[in-house]
Structure formats: structure tokens, C-alpha cells
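According to my numbering, the sequence shown is numbered sequentially starting from 23.
Backbone N, C-alpha and C fix where the C-beta goes; we use that ideal spot for every residue, glycine too.
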Amino acid sequence: MKEDKIVISIIGLQITILAIGFAIFFEIDPPLQLVIFALVGLLINVIVAIFG
Numbered sequence: 023m024k025e026d027k028i029v030i031s032i033i034g035l036q037i038t039i040l041a042i043g044f045a046i047f048f049e050i051d052p053p054l055q056l057v058i059f060a061l062v063g064l065l066i067n068v069i070v071a072i073f074g
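Okay, here's the thing in C-alpha cells:
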């Protein structure tokens with residue numbers, strides 16, 4: 023069960039890093055979708071950290 027939480031946390035982090043990476047790569051103000059993706063990724067990590 024603990025391994026599942028680690029995998030979910032890593033996926034959340036990867037989503038966040040991808041969103042930030044896209045924004046940096048395209049040198050743009052992050053579109054709303056990327057901001058939402060980043061927030062969702064961080065939210066997943068927070069939930070896992072609290073209930074893990």
C-alpha cells in the first residue's frame with residue numbers, strides 16, 4: 023500500500039514539473055491549463071503526504 027502512495031506522489035510531481043517545464047520551454051506566461059495542471063499535481067502530493 024505504501025508503494026502505491028509513493029507512485030501517486032511521483033506522478034503528481036512529474037505533472038507539476040512538466041507544466042513548469044512547458045511554461046519555461048515556450049517562454050510564455052503559463053496558460054491557465056498549465057497552472058491548473060501544476061496545482062493539481064501539487065494537490066495530489068499534499069493529499070498523499072497528509073494521508074500517507
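* Run of the alpha helix (DSSP H) containing residue 73, from where it starts to where it stops -> 54-73
* Rounded separation between residue 55 and residue 24 - CA only -> 30 Å
* To do: Under 8 Å Cβ to Cβ from residue 48, same chain only, skipping five residues before and after it: list those, please.
  => none
* Asked: Near residue 59, what residues of its chain come up, given a Cβ to Cβ distance below 8 Å and the 5 sequence neighbours on each side ignored?
  -> 37, 38, 40, 41
* Just the C-alpha distance for residue 35 and residue 69, rounded to the nearest angstrom, thanks. => 12 Å
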